[in-house]
Amino acid sequence: MKLKTNVQALKGTIRVPGDKSISHRSIIFGSIAKGVTKVYDILRGEDVLSTMQAFRDLGVKIEDKGDVVEVHGVGFEGLQAPKNHLDMGNSGTSIRLISGVLAGQDFEATMFGDDSLSKRPMDRVTIPLSQMGVEIAGQTDRDLPPLVIKGSKNLQAIHYKLPVASAQVKSALLFAALQAEGESIIIEKELTRNHTEDMIVQFGGQLDVNGKEIRIRGGQEFTAQEITVPGDISSAAFWLVAGLVVPNSKIVLENVGINETRTGILDVIKAMGGKISLSHVDELAKSATITVETSDLQGTEIAGDLIPRLIDELPIIALLATQANGTTVIRDAEELKVKETDRIQVVADALNSMGANIEPTEDGMIIHGKTSLHGATVNTFGDHRIGMMTAIAALLTQDGEVDLERAEAINTSYPAFFDHLNSLID
1 MKLKTNVQAL KGTIRVPGDK SISHRSIIFG SIAKGVTKVY DILRGEDVLS TMQAFRDLGV
61 KIEDKGDVVE VHGVGFEGLQ APKNHLDMGN SGTSIRLISG VLAGQDFEAT MFGDDSLSKR
121 PMDRVTIPLS QMGVEIAGQT DRDLPPLVIK GSKNLQAIHY KLPVASAQVK SALLFAALQA
181 EGESIIIEKE LTRNHTEDMI VQFGGQLDVN GKEIRIRGGQ EFTAQEITVP GDISSAAFWL
241 VAGLVVPNSK IVLENVGINE TRTGILDVIK AMGGKISLSH VDELAKSATI TVETSDLQGT
301 EIAGDLIPRL IDELPIIALL ATQANGTTVI RDAEELKVKE TDRIQVVADA LNSMGANIEP
361 TEDGMIIHGK TSLHGATVNT FGDHRIGMMT AIAALLTQDG EVDLERAEAI NTSYPAFFDH
421 LNSLID
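Set out below in structure tokens:
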């Protein structure tokens, strides 16, 4: 796919798609609650559709009525053994979170995915679930998909310290713990996005969060709710960076989720001197309108407890850093290696092929700023964020064409991405 290059300005207002993390969880909680949950502004990307289909296969009636998705919840005890293997597509969130849901069921289920997902290790989830009494079989010692899971109605509570900062692993254990006997204690390595904890409370459950320690009791029941999904800050991130680095630009993003565990990119933009402002802040929905303008940026350091708050935004932040003065250092981001691709290497290779100067490291990258970009051929390797990052980078290229291979990967999270891009080109 040939991308638009050498763009002189971006101006306009966009309403980004619904938050992917919240969309996944709204389907899961709606399924394990009692009653009909109504979800508005849900993201209809391929990942979320994989979660929806999985719960249909588990016996849950889910109706997409256009303006609302209705989930006819059956509770944990109402889930049924699937007649077929569960197809997770490209979605790591689906396979990991649903593993936790299946942990307390008395039937066997097999989950599989596409080529990319089949290379992503699941041992970080399967090891603690096995300690709770779940029988799990995967490929190789890293438990690569497909996963065969046989849950247990006598699931044991767990006291577990997470070896990695991962909201997916934490959430899988929370779903399992809700079906276990007694109280489980989960301790995070670093604070990660807390959408699962928020939804447990929203659907009528209880847990105790004290810093990085979460205590939760099994045997809880949930009641159906109405959910309006805020815009996904991970999708907004591409327009935030575009507005900062493309000349003569001003972009307004409406209804963006600003959950405090997800706003690391806003802190980085401020640290780099970016022109950014928030308005129409809704404290209850944790959303706001965000405006950015072309800015003179400075390099910064991104590390430590900031990383889990922007892990999915690091590919586009790397592009942002190529246009800043000085050097930007990203550390403590080993988690990037087990995303849809090894995002440390793939980001560096993609942007370096376009003229950037990025040194990949074991746990991040060193980005030397103020580089001019040029045309190249870039392969997404099936990773949606690499595709969107490249499309924004192409806007800055002064010479040569940018050819994006496997551009269809973008549909995983943002089917309207190119429509929105075209609407901004002045």
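Numbering (the UniProt record's numbering), first residue to last: 1 to 426. By construction, the Cβ of each residue, glycine as well, lies at the ideal position given by its N, Cα and C atoms.
Bridge partners - residue i, DSSP secondary structure assignment
| i | result |
| --- | --- |
| residue 298 | 325 |
| residue 405 | 379 |
| residue 86 | 111 |
| residue 282 | 287 |
| residue 222 | 33 |
| residue 72 | 36 and 61 |
| residue 361 | 364 |
| residue 208 | 215 |
| residue 137 | 148 |
| residue 398 | Answer is none; residue 398 lacks a bridge partner. |
| residue 277 | 291 |
| residue 15 | 254 |
| residue 161 | 187 |
| residue 2 | 403 |
| residue 78 | Paired residue(s): none; residue 78 is not in a bridge. |
Short Cβ contact (7 Å threshold) for residue i with residue j
| i | j | result |
| --- | --- | --- |
| residue 356 | residue 332 | no |
| residue 7 | residue 395 | yes |
| residue 179 | residue 155 | yes |
| residue 158 | residue 132 | yes |
| residue 397 | residue 373 | yes |
| residue 409 | residue 380 | yes |
| residue 74 | residue 38 | no |
| residue 423 | residue 12 | yes |
| residue 146 | residue 112 | yes |
| residue 300 | residue 271 | yes |
| residue 176 | residue 149 | no |
| residue 86 | residue 242 | no |
| residue 363 | residue 335 | no |
| residue 20 | residue 287 | no |
| residue 14 | residue 420 | yes |
| residue 126 | residue 143 | yes |
| residue 437 | residue 348 | A query on residue 437 cannot be resolved here, the shown segment of the chain reaching from 1 to 426 and no further. |
CA nearest to the CA of residue i, picked from the options
| i | options | result |
| --- | --- | --- |
| residue 262 | 237, 249, 254 and 271 | 237 |
| residue 105 | 375, 169, 367 and 79 | 79 |
| residue 101 | 83, 172 and 119 | 172 |
| residue 116 | 175, 31, 47 and 32 | 47 |
| residue 1 | 420, 425, 376 and 423 | 376 |
| residue 191 | 177, 175 and 165 | 165 |
| residue 298 | 290, 264 and 244 | 244 |
| residue 338 | 285, 383, 86 and 61 | 383 |
| residue 81 | 59, 97, 93 and 95 | 59 |
| residue 224 | 269, 414, 32 and 11 | 32 |
| residue 254 | 419, 281, 109 and 111 | 281 |
| residue 45 | 334, 129, 93 and 272 | 93 |
| residue 97 | 14, 135, 142 and 196 | 196 |
| residue 107 | 87, 135, 90 and 91 | 135 |
| residue 90 | 385, 393 and 418 | 385 |
| residue 211 | 187, 85 and 296 | 187 |
| residue 246 | 292, 306, 230 and 260 | 292 |
| residue 235 | 142, 290 and 200 | 290 |
| residue 276 | 240, 311 and 34 | 240 |
| residue 308 | 22, 168 and 119 | 168 |
| residue 130 | 360, 152, 321 and 279 | 152 |
| residue 226 | 183, 285, 260 and 360 | 285 |
| residue 194 | 230, 170 and 95 | 170 |
| residue 161 | 182, 183 and 189 | 189 |
| residue 279 | 305, 260, 267 and 252 | 252 |
| residue 198 | 3, 22, 40 and 378 | 22 |
| residue 323 | 283, 358, 311 and 305 | 358 |
| residue 77 | 128, 213, 34 and 124 | 34 |
Nearest-angstrom beta carbon gap, residue j and residue i [assumed within contact, 8 Å]
| i | j | result |
| --- | --- | --- |
| residue 18 | residue 43 | 4 Å |
| residue 215 | residue 185 | 5 Å |
| residue 71 | residue 256 | Incorrect: roughly 24 Å between the Cβ atoms, too far for contact. |
| residue 233 | residue 265 | 7 Å |
| residue 416 | residue 387 | That belief does not hold up - the Cβ atoms of residue 416 and residue 387 are roughly 14 Å apart, past 8 Å. |
| residue 273 | residue 249 | The pair is not a contact, with the Cβ atoms about 16 Å apart (cut-off 8 Å). |
| residue 319 | residue 392 | 6 Å |
CB contact check: residue i to chain B, cutoff 7 Å
| i | result |
| --- | --- |
| residue 307 | Reference to chain B is not applicable here, since this structure consists of a single protein chain. |
Next item on the list: Assess, as a yes-or-no matter, whether the stretch 314-325 is touched by the stretch 341-353 under the definition of 3 or more beta carbon pairs within less than 8 Å.
Entry: yes
Note to self: When you compare the stretch 48-55 with the stretch 25-35, are there three or more beta-carbon pairs, one atom per stretch, that lie closer than 8 Å?
What the structure shows: Judged by Cβ distances under 8 Å, the stretch 48-55 makes contact with the stretch 25-35, as three or more pairs qualify.
Note to self: Quick check: the stretch 219-235 against the stretch 193-210, are at least 3 beta-carbon pairs closer than 8 Å?
What the structure shows: yes
Next item on the list: State whether the stretch 318-329 contacts the stretch 399-417, with contact taken as three or more CB pairs (one from each stretch) at a distance under 8 Å.
Entry: Under the three-pair Cβ rule at 8 Å, the stretch 318-329 does not count as touching the stretch 399-417.
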